[in-house]
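Number of protein chains: 6
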Amino acid sequence: MPAMHIKLFEGRSREKKRELAEALTRETCRVLGCAPDAVDIIFEDVRKEDWATAGKLWSDRD
Amino acid sequence: MPAMHIKLFEGRSREKKRELAEALTRETCRVLGCAPDAVDIIFEDVRKEDWATAGKLWSDRD
Amino acid sequence: MPAMHIKLFEGRSREKKRELAEALTRETCRVLGCAPDAVDIIFEDVRKEDWATAGKLWSDRD
Amino acid sequence: MPAMHIKLFEGRSREKKRELAEALTRETCRVLGCAPDAVDIIFEDVRKEDWATAGKLWSDRD
Amino acid sequence: MPAMHIKLFEGRSREKKRELAEALTRETCRVLGCAPDAVDIIFEDVRKEDWATAGKLWSDRD
Amino acid sequence: MPAMHIKLFEGRSREKKRELAEALTRETCRVLGCAPDAVDIIFEDVRKEDWATAGKLWSDRD
Chain A
13 MPAMHIKLFE GRSREKKREL AEALTRETCR VLGCAPDAVD IIFEDVRKED
63 WATAGKLWSD RD
Chain B
13 MPAMHIKLFE GRSREKKREL AEALTRETCR VLGCAPDAVD IIFEDVRKED
63 WATAGKLWSD RD
Chain C
13 MPAMHIKLFE GRSREKKREL AEALTRETCR VLGCAPDAVD IIFEDVRKED
63 WATAGKLWSD RD
Chain D
13 MPAMHIKLFE GRSREKKREL AEALTRETCR VLGCAPDAVD IIFEDVRKED
63 WATAGKLWSD RD
Chain E
13 MPAMHIKLFE GRSREKKREL AEALTRETCR VLGCAPDAVD IIFEDVRKED
63 WATAGKLWSD RD
Chain F
13 MPAMHIKLFE GRSREKKREL AEALTRETCR VLGCAPDAVD IIFEDVRKED
63 WATAGKLWSD RD
């Protein structure tokens, strides 16, 4: 029953998310030996102005 | 001090969320014996293109 | 497909969690009109020394 | 490697988030003795209609 | 900067987590075109008595 | 109503968490202009074998 929450910068296309969901599910099932139905993935888009590393917003780095 | 984060498909009305928040808080207080003030609930809307089960986006199932 | 993550102070019995999972699932299905199979709940025990409100750990209030 | 997820009501300006990210990172490094690069912060805006305390949406309190 | 939080039933070995972290990072970089350093994964073990589907704890299904 | 979830490597003392909770709450109130009561912080200890960066568990780096 792995449940994955994946935060990533906004702007990824639906095609990329589709491909990523497929790949992560396939690899998870291969390694853990679980059924695909058991893998649940949620993508959460994050704006660069809402993500900071080392105290600096990513929107201030571009 | 239960804190609930609830991810659900986007599109639920404010009325439904209001009713759900009331019901979940009431049941939590009844079972755990805590005060209503202690129950904090956050709803997080998820687009169907951001949620995958069995490696397939829910937006691709409709 | 509601997915609930519920943080609560450690120490609740399995019986309480069982009863709470049943009640929250029943109410969610009633309000949102979803199937019970679609409701996923994860409880996360939190120690009082890991939870602070108003800048004060709950372990320091007892 | 502290990773902070901070949920707050929507409406805070980018300037406030910038200032908050700086302050939280500085304090975390001071207390824990870690390098700034190790501190990752994500802000998550929450609408008042998506946050309930004591079973009541915050949008219903205003 | 994908950050993944993965909840899974407790009991997986360190070897499985190591292999899974490698595979998920590799696939994420391949699909999204990001650097491996940007991928952060946290595993969170969940006891079967803390996970319910359809209102029933998984510890009650075994 | 900021709610902070902070994941950090296990091993920090209660004293460090107490000091960090105080400092983060103080800074949050100063920047956002909110009351201390509104700030809720949860620390989540993570084992080094459960945290990977660049596809490598932190327990394999020591």
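Residue numbers (the numbering used here), protein chains in the order written: chain A, 13 to 74; chain B, 13 to 74; chain C, 13 to 74; chain D, 13 to 74; chain E, 13 to 74; chain F, 13 to 74.
Using N, Cα and C, we set each Cβ at its ideal position, and we do this for glycine too.
- Here the C-alpha atom of VAL43(F) lies approximately 26 angstroms from the C-alpha atom of ASP72(C).
- GLU31(B) and GLU39(C) have their C-alpha atoms spaced approximately 10 angstroms apart.
- Using a Cβ-Cβ distance cut-off of 8 angstroms, the segment 45-58 of chain F and the segment 62-71 of chain C are in contact, since at least three pairs of beta carbons, one from each stretch, lie closer than that value.
- Membership of LYS19(C) in the beta strand (DSSP E) is indicated by the continuous run 15-21.
- Unbroken beta strand (DSSP E) stretches of 3 residues or longer found wholly inside the segment 17-68 of chain B: 52-58, 63-65, given in chain order.
- Within chain D, the C-beta atoms nearer than 8 angstroms to that of ALA15(E) come from ALA15, ASP52, ILE54, in chain order.
- Cβ contact annotation for CYS41(F) (same chain, cutoff 6 angstroms, sequence separation greater than five): PRO48, in chain order.
- Apart from the 5 residues on each side of it in sequence, ALA33(D) sits with its Cβ closer than 6 angstroms to the Cβ of ILE53 in its chain, given in chain order.
- Proximity to GLY23(D) across LYS60(D), LEU36(D), LEU69(D) peaks at LYS60(D), based on C-alpha coordinates.
- In the structure shown, ASP72(F) adopts helical secondary structure according to DSSP, grouped into three states.
- Taking CB atoms only, ARG42(D) has a neighbour in chain F less than 9 angstroms away.
- With respect to the C-alpha of PRO14(B), the residue from PHE21(C), ALA15(C), PRO14(C) having the closest C-alpha is PHE21(C).
- Between the alpha carbons of HIS17(C) and TRP70(D) lies a distance of about 20 angstroms.
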